[in-house]
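Residue numbers (my numbering): 214 to 409.
The structure appears right after this line, and notes come after that.
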């Protein structure tokens with residue numbers, strides 16, 4: 214006696230082939246998903262580095278563009294290869310949204326452990342020397358910061374020169390400041406013009 218066709222089942226071979234095809238499809242989907250996740254992580258970490266550099270450059274540019282000569286014979290703009298200190302005006306907002314402009318002395322410095330710090334001395338603190346205030350950490354991933362300062366020359370062919378410090382020009386602000394940030398996997402450069 215023969216079984217009716219509706220009661221026939223899959224053979225073992227058919228089940229093994231179906232399982233193999235299903236496994237190949239699942240493995241392909243997993244591989245594609247895994248590659249996508251790895252790509253996302255790589256792009257996200259690269260994007261994070263660019264965002265950190267952008268924030269640092271924007272903060273420094275804002276402070277530098279608002280800098281001013283403190284006194285006729287001494288601008289109080291002290292720049293070296295890895296540190297920068299100057300007077301600037303900073304807008305601050307209270308809880309009601311009112312704006313007040315404060316005169317501040319801002320200092321940027323790289324600590325030995327690779328943290329770029331920004332210290333802001335407000336009010337009367339700005340006039341005091343040798344204060345040790347805790348600064349705000351801008352980034353912990355900086356290996357080196359190189360600062361250069363552009364000053365005017367009397368040479369028509371070469372109207373300005375880049376210097377590693379501001380020692381020779383205590384009575385004026387530089388024309389521009391070149392900022393180079395270097396880390397393990399990145400190097401960014403920005404030039405901020407102070408010409409008004």
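The beta carbon of each residue, even a glycine, is placed where N, CA and C say it ideally should be.
Query	Result
Which runs of the alpha helix (DSSP H) at least 4 residues long sit entirely within the segment 258 to 296? Give them in chain order.	none
My guess is that residue 400 and residue 389 are in contact by the Cβ rule of under 8 Å, so how many angstroms apart are they, rounded?	Rounded, the Cβ-Cβ distance is 19 Å, inconsistent with contact.
With a threshold of 16 other CB atoms inside 10 Å of the CB of residue 360, please say whether the residue is buried or exposed.	buried
Give me whichever residues DSSP pairs with residue 182 in a beta bridge.	In this structure the chain extends from 214 to 409, so residue 182 is not present and cannot be described.
Tell me whether the beta-carbon of residue 271 lies closer than 8 Å to the beta-carbon of residue 301.	no
So the candidates are 329, 404, 353 and 299; which of them puts its Cα closest to the Cα of residue 375?	404
So, residue 297 versus residue 329, is the Cβ gap smaller than 8 Å?	no
When the Cα atoms are used, what is the spatial distance from residue 380 to residue 246?	57 Å
Less than 8 Å between the C-beta atoms of residue 317 and residue 334, yes or no?	yes
Can you give the Cα-Cα distance for residue 348 and residue 365, rounded to whole angstroms?	32 Å
Check the C-beta distance from residue 262 over to residue 398 and give it rounded, since I have them as a contact under 8 Å.	7 Å
Taking just the CA atoms, how far does residue 323 sit from residue 265?	15 Å
Cβ of residue 356 within 8 Å of Cβ of residue 327?	yes
Bridge partners of residue 376, per DSSP?	362
Leaving out five residues before and five after residue 354 in sequence, what residues of the same chain have Cβ atoms less than 6 Å from its Cβ?	396
Applying the 10 Å Cβ sphere with the 16-neighbour rule, what's the burial state of residue 277?	buried
According to DSSP, simplified to helix, strand and coil, what is residue 388?	coil
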